[in-house]
Each structure stands twice: as structure tokens, then as C-alpha cells.
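Quick note on our numbering: the sequence shown kicks off at 1 and runs consecutively. From the three backbone atoms N, C-alpha and C, an ideal C-beta is built for every residue, glycine too.
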Amino acid sequence: MKHFLQVLNVSLALVIWGCNSSDRNSNLSSSDWELEIVDSLQIQSLESLDLMDIHPERGLFLFNVQKENAPMILVDKNGEILHRLDVPKDAPTGFGGICSGAIFSGDSILIQGRRGIYSYDLKFNFLSRLNRPYPPKGMIYVGFDHLRTANTYEGPALISFSGNPQTDYPPNQREFYENFNGLDLIPVSTLEFKPIAPLHPDSRYLSSGMAFNLISLTFSISNSQLTYAHPTDSMLYDMDLMDPQLRQKATKIPFDKFVLRNGFPFGSQEDYDGPTDYEGQLSNIFKVGDNDLLLYYSGIKKEDLPPLTQDRASRRNEINRMNPQKWMVRDAQNKFTKPKLVSPKYRIVRVDSQNRIWAMQNVNQLEEEPEVVTVYQLKLIRK
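This is the structure in C-alpha cells:
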């Protein structure tokens, strides 16, 4: 544990929804932005990779391999694979075979597994483990950036989304929502998992009087400024982590269209048998300088979905066509741009500390399987 504190100190010292049209228009920006490819990185690999983090100062890239045991690889700025971590999920030096977040921390790497956070050096030699004090429940979200560093009123800290709140109440009880926390704040000084980000009164999960399953969360941090959202809600939340009261500022997102499913009564179970809407989803939030880049899918009403009699592959392709990923920018004045379609050429996955946007090539758009993994560097440009 002493080593875990040293590792963190080194790193952190560097440190269909709708509103009425008048409300929506008052929150829109007249600015126009574009996403442009400015560079790329190619890696000689036939494996499916998820980019987890970037170390700009050292020119290093950390990837998770989509296969059994979730191997990790370290790549340099020339695309050369330097080191690989591939151990059984139950190995003493492993992280459980599930990676829901991985970051550089000075000269170390922190990997968030199912039961805790694991520390390695830059050659993937095991250093230490920090156990999560509450059991994992529900969904584990693989390949996301659900572990970040931040400056907080408690000093340097980790911010973690584990996949479930610390409460023991089940999601079909009202107490689950009254005791909900979306994130854990883990101060370097104590390594205590402190619950933060309760449900805001304006959140539909608290205001609707209904129960919901699988309440996820996406978030982004710059220094002490935390912005987060629940993917199947229409609210965006800002929090200054230097504020001991951790007050939340809520903003309604002016989606062009956002399909939401209703919850179910407390004390009952969700009905999965009947036809349902294809729910909208705010998939990612990325802080880019003073702006926030939001990625989302609008969703599809059940009456507009392709028929179930259609073969599975064709139906999936049709749903993807009807429900493309979109992006919008929220600026420093809390104004939102009109949505645009994300290029089908890539999938935006990370933004580094130098505000460089990184995206994985969408191989489904290629006629042949590539012999390299391509990562694009994008830039957000104001027109």
C-alpha cells in the first residue's frame, strides 16, 4: 500500500426526449466546429485493441487487447510494441481478466479490475493492489476510461466508476436511489473509497418515482473540474472537486432527439418480454480545453424498428444506419452546438492531457481485414 501511495503522488503532483423549442434554442451556440484528422499511428498487430490511455511526455500508448484475460500492451509513438501483460485472470499478479479503466501514473500503470486497482511499472512488473471495499455487482464496463486522476479538496485523488454504487439496496427499491452514488473519490492520502455524485433531484432516476436497471455513468475530468452524465438521461452535471460540499450544477442537454424508456414500479421487476424502444445513449464525454465533446445516439422508437423477421445481421446493419453516432460541443459559456454525425471512418475513444483527440479506425468500413491497427489523431477546429 505504501508503494501505491508513492505511485499516485508522483502522477498527481503533475497533475424521445424533448424540451420546448424556445428553451432548446436559448441553449444553442452559433459556433460551428469540425473534427479533422491531423495524424495517425499504425501498429503491426492483427488483434482487436482498445486504446486506454496516452502518456504524451513519454510518447507511450496503453492498449487493452479484446481477448481472454484482457492482455495489455504498451506501444511507443512509432507504433512499436514494447511490452505485453498477459497473465491468467486468477494469477496473483493479474487484475482479474477485466479492464474497466487503465491509466499512466508517472512511471507506473494503474489498471482497474473487477475487485480493485492494480499497479504495474512500465514493463508490466506487478507492484501492488488496492482492494475495493465493497463487492462488484451488476454490469462491468470493459474498455472504458472509468479511472481518472484529479485534484480535489482531499488532495490528489483517483476518481473511479466501478459499475455499481456502494449501497446494498437492490435497484427495485426506493432506498437504492436515495443512497445512490455514481463515483468513488479515492484520496492518495488515505486510499479510502468515498462515495460521491449522488442522484441530482432533476435526474429522471430520482424524480420519476420509478425503478431502473443498470444505471451507468460516463465522465471526464480536467484538473479539478468533473463533468459527468448518466448515458440514458438527458442531464449533464458539473462538479468542482475542490469544493468540499461537491455541489452539482445540472444542465439539460438540447438533444435533437433522445428516446428514453420508462422505468418500472418499485418492488417489481422490469418486463423484458414485450417490444421496447431502442434507447438513446450519451456514450462519451471528453474535455477538450475549455470545451466538452459529447458523443451520443438518439435511439429508435419501437414502432420504427426493423421487423424481427429480418435476419440478425441485416437487422443490426439497419439499426446502425437508423441510429448513427452524433457529436456536439458544449463551450465555456454552457452553449451547445447543433449535432453532427460522427464519421463512420473511426470511433473516438480518448483525449489526452495535451487535448489531442484519439480515435480507433472502424475496420467494419473496410473491404478487407487490415494487417495493422490504425489510431487517428483528431483536432477540434472552430470554423
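Alpha carbons only, please: which of the options is nearest the one belonging to residue i?
i: ASN181; options: PRO187, PHE193 and VAL188; result: PHE193
i: LEU60; options: ASP331, ILE186 and SER105; result: SER105
i: ASP238; options: PRO254, ILE221 and PRO244; result: ILE221
i: ASP145; options: PHE255, LEU191 and LEU158; result: LEU158
i: ASP271; options: ASN213, SER100 and ASP243; result: ASN213
i: PHE301; options: SER283, MET322, LEU282 and TRP358; result: A small fix is needed here, since residue 301 is Lys in this sequence, not Phe. Ranking SER283, MET322, LEU282 and TRP358 by Cα distance to LYS301 puts MET322 first.
i: LEU217; options: LEU147, THR152 and SER268; result: LEU147
i: LEU294; options: ILE319, ASN320 and GLN325; result: GLN325
i: LEU260; options: PRO275, LEU246 and GLN281; result: GLN281
i: ILE140; options: PHE126, GLY96, LEU74 and LYS77; result: GLY96
i: TYR134; options: THR152, TYR169, PRO156 and TYR120; result: TYR169
i: LEU74; options: LYS89, ASP50, GLU68 and PRO88; result: ASP50
i: ASN164; options: GLY138, ASP243 and PRO306; result: GLY138
i: ASP402; options: ILE319, TYR297 and ARG312; result: Residue 402 is absent from the model: the chain starts at 1 and stops at 383.
i: ILE215; options: ASP256, ASP233 and PHE258; result: ASP233
i: TYR278; options: PRO306, GLU68 and ASP292; result: PRO306
i: GLN66; options: ILE54, PHE126 and LEU85; result: LEU85
i: PRO171; options: ASN262, VAL142 and GLN269; result: GLN269
i: PHE264; options: ARG58, LYS383, GLN173 and LEU308; result: GLN173
i: ASP184; options: THR227, PRO195, PRO275 and PHE124; result: PRO195
i: THR276; options: THR337, TYR177, ASN262 and GLY267; result: ASN262
Whole angstroms is fine: what's the gap from residue i's alpha carbon to residue j's?
i: SER314; j: LEU110; result: 40 angstroms
i: GLY79; j: GLN42; result: 5 angstroms
i: VAL241; j: ASP290; result: Note on identity: in this sequence residue 241 is Leu, with Val being the wrong assignment. Distance between the alpha carbons of LEU241 and ASP290: 17 angstroms.
i: LEU122; j: ASP107; result: 6 angstroms
i: GLY18; j: SER189; result: Note on GLY18: pLDDT 42, under 50, position unreliable in the model; the coordinate value appears next. Using only the alpha carbons, I get a separation of about 44 angstroms.
i: VAL375; j: PHE286; result: 17 angstroms
i: SER29; j: ALA332; result: 11 angstroms
i: ALA197; j: GLN310; result: 42 angstroms
i: ARG204; j: PRO370; result: 43 angstroms
i: PRO231; j: LEU46; result: 31 angstroms
i: ASN131; j: GLU367; result: 45 angstroms
i: MET52; j: ALA359; result: 11 angstroms
i: VAL373; j: ASN364; result: 13 angstroms
i: GLY407; j: MET328; result: Outside the shown range of the chain, which is 1 to 383, sits residue 407, and nothing can be said about it.
i: GLU36; j: VAL342; result: 11 angstroms
i: SER22; j: PRO254; result: Legend: pLDDT at SER22 = 46, less than 50; position of this residue unreliable, no value from coordinates given.
i: PRO56; j: PHE161; result: 24 angstroms
i: LYS335; j: ASN27; result: 5 angstroms
i: PRO88; j: LYS340; result: 42 angstroms
i: GLY94; j: LYS257; result: 43 angstroms
i: ASN284; j: SER298; result: 13 angstroms
i: TYR120; j: SER128; result: 7 angstroms
i: ILE381; j: LYS77; result: 24 angstroms
i: ILE439; j: PRO136; result: Because the chain spans 1 through 383 in this model, residue 439 falls outside it and cannot be assessed.
Put residue i into one of helix, strand or coil per three-state DSSP.
i: ILE159; result: strand
i: ARG312; result: helix
i: LYS89; result: coil
i: LEU282; result: strand
i: MET322; result: helix
i: TYR118; result: strand
i: PHE255; result: coil
i: LYS379; result: strand
i: LEU206; result: helix
i: PHE176; result: helix
i: VAL363; result: helix
i: LYS39; result: Before going on, a small fix: residue 39 reads as Asp here, not Lys. Strand.
i: GLU34; result: strand
i: CYS99; result: coil
Quickly, what does DSSP pair residue i with across the bridge? List them, please.
i: VAL75; result: PHE61 and ILE81
i: ASN385; result: The structure shown does not extend to residue 385, since the chain is modelled only from 1 through 383, so no value can be given for it.
i: PRO388; result: This structure does not reach residue 388, given that the chain is present from 1 up to 383, and the question cannot be answered.
i: ASP50; result: ASN64
i: MET235; result: LYS252
i: ASP240; result: GLN225
i: ILE215; result: DSSP output for ILE215 lists no bridge partner at all.
i: PHE336; result: LEU28 and ARG330
i: THR167; result: THR167 is not bridged to any residue.
i: TYR272; result: DSSP output for TYR272 lists no bridge partner at all.
i: GLN112; result: GLY101 and ILE117
i: VAL373; result: ILE43
i: ARG350; result: TRP358
i: PHE264; result: ALA211
Closer than 8 angstroms, CB to CB, is residue i near chain B or not?
i: MET242; result: Protein chains in the displayed structure number just one, and chain B is not present.
Using a Cβ-based criterion (distance less than 7 angstroms to any ligand heavy atom), does residue i qualify as near the ligand COA?
i: ASP352; result: With respect to small molecules bound, the structure shown includes none, and the ligand COA cannot be examined in it.
* **Sequence ranges, beta strand (DSSP E) only - wholly within the segment 128-159, length at least 3** => 147-152
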